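Visitor:
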Amino acid sequence: MADTATIEKVSIIVSKGSLEGIYPALIMANGARAEGIEADLFFTFFGLDAITKKRWEHIKLATVGNPGLHLPTLLGGLPGVPDLVTRYMERKMESLDIPPIPEFIEMIADTGAGIYACKASVDLFELDKDDLVEQVQGIITVGEFYEHAAGGQIIYT
65 MADTATIEKV SIIVSKGSLE GIYPALIMAN GARAEGIEAD LFFTFFGLDA
115 ITKKRWEHIK LATVGNPGLH LPTLLGGLPG VPDLVTRYME RKMESLDIPP
165 IPEFIEMIAD TGAGIYACKA SVDLFELDKD DLVEQVQGII TVGEFYEHAA
215 GGQIIYT
């Protein structure tokens, strides 16, 4: 007999600042909200790029050491290759109606999902609330993140 327990809440940790590190979290949070599941996103370390005003429109695909690209490391490190591969992926995602990161974050926040920045990472990178996009509801500690996550599933992307 199948387990009939349902997930009511997810908290998703975003720690990578590349397209392939950020989009899975955004897609999962959006899917959760579409299913009526409460969702919070906690951006830490380089994942902060997704919610930092100076960076969020300049996220690239990691081309060096990314086995999923099936691209030799040497080729991935050549000048211009990261931009070329990033533009290609962005066009593919656009053709699938997957919005750019700034629009996606705004859309997810509008559904009621929580958007939070890690205090330790904000301090590490010498940022403050003014450096972050307006959708960020707070800069919180790991302990406060666990309080938000209590009773739900934690997903690390």
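The sequence shown begins at 65 in our numbering and counts up one residue at a time.
Beta carbons: idealized from backbone N, C-alpha and C, even for Gly.
Small disclaimer: the values here were computed from a predicted structure and weren't measured.
What separation, rounded to the nearest whole angstrom, lies between the Cα atoms of glutamate 102 and methionine 171?
Guide: Taking the sequence shown and counting its residues from 1, one reaches residue 102 at position 38. Taking the sequence shown and counting its residues from 1, one reaches residue 171 at position 107. When rounded, the distance between both Cα atoms is 15 Å.
Visitor: Shorter than 8 Å from the beta carbon of leucine 196 to some beta carbon of chain D?
Guide: The question asks about chain D, but that chain is absent: this structure has only one protein chain.
Visitor: Take the Cβ of phenylalanine 189 as the centre, count every other Cβ of all protein chains shown within 10 Å, and call the residue buried at 16 or more, exposed below.
Guide: Start at 1 with the first residue of the sequence shown, and residue 189 comes out as number 125. Its Cβ having fewer than 16 others within 10 Å, phenylalanine 189 is exposed.
Visitor: Hey, would you say phenylalanine 107 sits closer than 8 Å to valine 78, going by beta carbons?
Guide: Counting from one through the sequence shown, the residue named residue 107 turns up at place 43. Counting from one through the sequence shown, the residue named residue 78 turns up at place 14. Contact: yes.
Visitor: Kindly indicate which three-state DSSP category threonine 70 falls into: helix, strand or coil?
Guide: Indexing the sequence shown from 1 puts residue 70 at position 6. DSSP places threonine 70 in coil when its eight states are reduced to three.
Visitor: Can you list, in chain order, the residues of its chain whose CB lies under 6 Å from that of alanine 98, leaving out five sequence neighbours each side?
Guide: Residue 98 sits at position 34 when you count from the first residue of the sequence shown. Taken in chain order, the list of residues that qualify is empty.
Visitor: Between which two residues does the beta strand (DSSP E) harbouring threonine 105 extend?
Guide: Looking up residue 105 in the sequence shown gives position 41. The displayed chain sequence assigns leucine, not threonine, to residue 105. Per DSSP, leucine 105 belongs to the beta strand (DSSP E) from 102–107.
Visitor: Which whole-angstrom value describes the C-beta separation of aspartate 179 and isoleucine 115, a residue pair presumed to lie in contact below a C-beta threshold of 8 Å?
Guide: The sequence position of residue 179 within the sequence shown is 115, counting from 1. The sequence position of residue 115 within the sequence shown is 51, counting from 1. Looking at the sequence itself, residue 179 is isoleucine, so the reference to aspartate does not match. 7 Å between Cβ atoms; contact.
Visitor: Excluding five sequence neighbours on each side, which residues of the same chain lie with their C-beta closer than 7 Å to the C-beta of valine 197?
Guide: Counted from its first residue, the sequence shown places residue 197 at position 133. Correct list, in chain order: Ile115, Lys117, Trp120, Ile169.
Visitor: Inspect the beta-carbon positions of alanine 89 and threonine 221 and report whether they are closer than 8 Å.
Guide: Reading the sequence shown from its first residue, position 25 is the one you call residue 89. Reading the sequence shown from its first residue, position 157 is the one you call residue 221. Yes, the pair counts as a contact, with Cβ atoms nearer than the cut-off.
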